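Enquirer: Take a look at the following structure, please.
Residue numbers (the numbering used here), protein chains in the order written: chain A, 4 to 268; chain B, 1066 to 1302.
Printed below as a string of structure tokens:
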């Protein structure tokens, strides 16, 4: 039975006719229900979800990919929603998102989907391989690293990596971006506190997965890790697809515990 | 005599602190003495921190700090360094401690007059002349709670053993004067580490030289080779 509590703060869908449409969601950080969490992507041909045509369980994740390849034309609209089941078997449903709910009809949608395809092709030829470590914003608290009274993080260990949640980050997801600018400097700290190394990259990647501050992007060829600082998103007017994200990535010192997170090579 | 030969423990990753024949000779002949200069007093504070980190790992004192310190920089998960000292391995490290000093103030408590213990035969006049110096220890951690723990951990030897340090090293005064508030420290902008400064005040005599005989009753290790005197050369190997 679905609960009245509504933990989803955003759900978005991005068209990808090759790998599958990308559905991403965010959960309210105050969502404190016990895990394990299981997210399921549900699809329907009607916006009211009178009938769930198919569903796909994705476990504890922040995204799902509709790789069913059922929607290859614009004649038939799919609608998506997310079902969250917590450790107590409570169920929570997200709002409904779809690819065809665009004012102005399918013409605009086709334009938007084509712009995204071009960006994808550009990334394929000019981008560099990397991984995204998406910061967890809700879930089980790492009691060994957290102050029991205030809940503040008191440790920088290798189970929560300086966050207060077990695991710290979701499993790595493959991404691609291209560097627009790279700035590097190494200076002695004026106050005497060691040496400051600033390496700031400005990267351009496709509009999904949506980046937020404190996410980590990993450069595969160097294993260098960057914390996402600022994100500038460009949307297609009237459609709402995020086409491009230009982000500032700040190099993380190699002594940081996040370097102990293994990513595929 | 190079610094490397005098202070092998600072340059070597050998935790057994092997004493070379050259060092032993220097120690036995008593050629080494340490004037109390600003640099050396700062080094004393550095070495207390080093000993504290090696002998009392943070976890053993109940702190939720998994990282450990080692004399081998490649193994150490905690950085301890002197401020304003460029070293590649210190770039952006965290957690980290940095020791640095502030201005020196001179104080002449006898107001330029003699101290009353003049040596007439040698035509010596003795005056008291003190140097006061603030020394600081910067504690840098990834989160504010973590940084608070680092500062709490690192202040222990200086607060608990202030009088012992003062007595053993012939300092006029050694005190922890305060622990600063946590502040955002952007060694790498965007990586919001935090910093807490432990402030210490040291007063010592101008021109005072610490010799190895002065350290016979010391209770805190300071490696100026008096430790090897009690042993025979065979035992040292």
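Glycine is no exception: its CB is placed at the ideal position from the N, C-alpha and C atoms.
This structure is a prediction, so every number in the text was calculated from the model and none was measured.
Judging by CA-CA distance, which residue of A:186, A:137 and A:195 is the nearest neighbour of residue 1 (chain A)?
Expert: Look at the range of chain A in this structure, 4 to 268, and you will see that residue 1 (chain A) is not part of it.
Enquirer: Nearest-angstrom Cα distance between residue 1232 (chain B) and residue 1101 (chain B)?
Expert: Answer to the nearest angstrom: the Cα atoms are 14 Å apart.
Enquirer: I think residue 1169 (chain B) touches residue 1197 (chain B), with their Cβ atoms under 8 Å apart; what is that distance to the nearest whole Å?
Expert: Contact flag correct, Cβ pair sits at about 7 Å.
Enquirer: Which of helix, strand or coil does DSSP assign to residue 1129 (chain B)?
Expert: Here residue 1129 (chain B) sits in coil by DSSP.
Enquirer: Identify which residue in A:152, A:207 and A:192 has its Cα closest to the Cα of residue 132 (chain A).
Expert: The shortest C-alpha separation from residue 132 (chain A) is found at A:207.
Enquirer: In the DSSP assignment, the alpha helix (DSSP H) including residue 1223 (chain B) goes from what residue to what residue?
Expert: Per DSSP, residue 1223 (chain B) belongs to the alpha helix (DSSP H) from 1221 to 1225.
Enquirer: Assuming the contact rule is C-beta atoms closer than 8 Å, residue 1110 (chain B) and residue 1202 (chain B) should be a hit. Round their C-beta distance to whole Å, please.
Expert: About 7 Å separates the two Cβ atoms, so the contact holds.
Enquirer: Listed from N- to C-terminal order along the chain, which residues in the region 1193 to 1220 of chain B have their beta-carbon within a distance smaller than 9 Å of any beta-carbon of chain A?
Expert: For the region 1193 to 1220 of chain B, which is checked against every Cβ of chain A, the residues closer than 9 Å are 1201, 1203, 1205, 1206, 1207, 1208, 1209, 1210, 1211, 1213 and 1214.
Enquirer: Please report the distance separating the alpha-carbon of residue 128 (chain A) from that of residue 181 (chain A).
Expert: Answer to the nearest angstrom: the Cα atoms are 10 Å apart.
Enquirer: Determine the direct distance from the alpha carbon of residue 1135 (chain B) to that of residue 1161 (chain B), and round the result to whole angstroms.
Expert: Near 13 Å, if we compare the C-alpha coordinates of residue 1135 (chain B) and residue 1161 (chain B).
Enquirer: Does any C-beta atom of chain A lie closer than 8 Å to the C-beta of residue 1161 (chain B)?
Expert: At least one chain A Cβ lies under 8 Å of residue 1161 (chain B).
Enquirer: Locate the beta strand (DSSP E) running through residue 203 (chain A), then write down its first and last residues.
Expert: Note, residue 203 (chain A): beta strand (DSSP E), 198 to 209.
Enquirer: Specify the secondary structure class of residue 1230 (chain B) as computed by DSSP and reduced to three states.
Expert: DSSP places residue 1230 (chain B) in helix when its eight states are reduced to three.
Enquirer: Could you pull the start and end residues of the alpha helix (DSSP H) that residue 118 (chain A) belongs to?
Expert: Segment 109 to 129, the alpha helix (DSSP H) holding residue 118 (chain A).
Enquirer: State the beta-bridge partners of residue 334 (chain A) as determined by DSSP.
Expert: Nothing in the structure corresponds to residue 334 (chain A), since chain A is present only between 4 and 268.
Enquirer: Which value, in whole angstroms, describes the spacing of the CA atoms of residue 1143 (chain B) and residue 1158 (chain B)?
Expert: Rounded to the nearest angstrom, the two C-alpha atoms are 8 Å apart.
Enquirer: Considering only residues of the same chain and omitting the five flanking positions on each side of residue 1221 (chain B), which have a CB-CB separation below 8 Å?
Expert: Closer than 8 Å at the Cβ level, and outside the excluded window around residue 1221 (chain B), lie 1117, 1121 and 1126.
Enquirer: Would you mind stating whether residue 111 (chain A) and residue 209 (chain A) have Cβ atoms separated by less than 8 Å?
Expert: No, the pair does not count as a contact, with Cβ atoms beyond the cut-off.
Enquirer: Contact defined as beta carbons within less than 8 Å: I believe residue 251 (chain A) pairs with residue 226 (chain A). What is the distance between those atoms, to the nearest angstrom?
Expert: About 20 Å separates the two Cβ atoms, so there is no contact after all.
Enquirer: Name, please, each residue of chain B whose Cβ falls closer than 9 Å to the Cβ of residue 159 (chain A).
Expert: Within 9 Å Cβ-Cβ: 1130, 1131, 1132, 1159, 1160, 1206, 1207, 1208 and 1211.
Enquirer: By the DSSP assignment, the beta strand (DSSP E) with residue 1166 (chain B) in it spans what residues?
Expert: 1161 to 1172 is the span of the beta strand (DSSP E), which, as asked, contains residue 1166 (chain B).
Enquirer: Give me the chain A residues within the contact set of residue 1151 (chain B), using Cβ-Cβ distance strictly less than 7 Å, ordered along the chain.
Expert: In chain order: 191 and 198.
Enquirer: Here's the rule I'm using: 16 or more other beta-carbon atoms within 10 Å means buried, otherwise exposed. How should residue 183 (chain A) be labelled?
Expert: By the 10 Å Cβ count, residue 183 (chain A) comes out exposed.
Enquirer: Out of A:93, A:16, A:248 and A:33, which one is the CA nearest neighbour of residue 26 (chain A)?
Expert: The residue with the shortest Cα to Cα distance from residue 26 (chain A) is A:16.
Enquirer: So that I know if they touch, is there some Cβ in chain B lying closer than 8 Å to that of residue 15 (chain A)?
Expert: So, not an interface residue.
Enquirer: Taking Cβ-Cβ distances shorter than 8 Å, what residues in chain B pair up with residue 165 (chain A)?
Expert: Under the 8 Å cutoff, chain B gives 1207, 1208 and 1211.
Enquirer: Secondary structure at residue 1200 (chain B), three-state DSSP: helix, strand or coil?
Expert: Looking at residue 1200 (chain B) - three-state DSSP - the assignment turns out to be strand.
Enquirer: Report the rounded CA-to-CA distance for residue 1225 (chain B) versus residue 1263 (chain B), giving the unit in angstroms.
Expert: Straight-line Cα distance between these residues: approximately 14 Å.
Enquirer: Classify residue 1117 (chain B) as helix, strand or coil using the three-state DSSP reduction.
Expert: Three-state result, residue 1117 (chain B): helix.
Enquirer: Strictly below 7 Å CB to CB, what residues from chain A border residue 1148 (chain B)?
Expert: 195 and 196, listed in chain order.
Enquirer: By the 10 Å Cβ neighbour count, where 16 or more other Cβ atoms means buried, how is residue 134 (chain A) classified, buried or exposed?
Expert: It is buried - the Cβ of residue 134 (chain A) has at least 16 other Cβ atoms within 10 Å.
Enquirer: Where does the unbroken beta strand (DSSP E) through residue 252 (chain A) begin, and where does it stop?
Expert: Counting along the chain, the beta strand (DSSP E) containing residue 252 (chain A) begins and ends at 245 to 254.
Enquirer: According to the Cβ coordinates, are residue 1173 (chain B) and residue 1145 (chain B) closer than 8 Å?
Expert: Not in contact: residue 1173 (chain B) and residue 1145 (chain B) (Cβ atoms no closer than 8 Å).
Enquirer: Identify the continuous beta strand (DSSP E) that holds residue 1146 (chain B) and give its terminal residues.
Expert: Taken as a continuous stretch (DSSP letters only), the beta strand (DSSP E) holding residue 1146 (chain B) covers 1144 to 1147.
Enquirer: Return the CA-CA distance between residue 1291 (chain B) and residue 1212 (chain B), expressed in angstroms with no decimal places.
Expert: Bear in mind that a pLDDT of 45 at residue 1291 (chain B), under 50, signals an unreliable position, so the model cannot answer this.
Enquirer: From the DSSP output, in three-state form, read off residue 262 (chain A) for me.
Expert: Helix at residue 262 (chain A).
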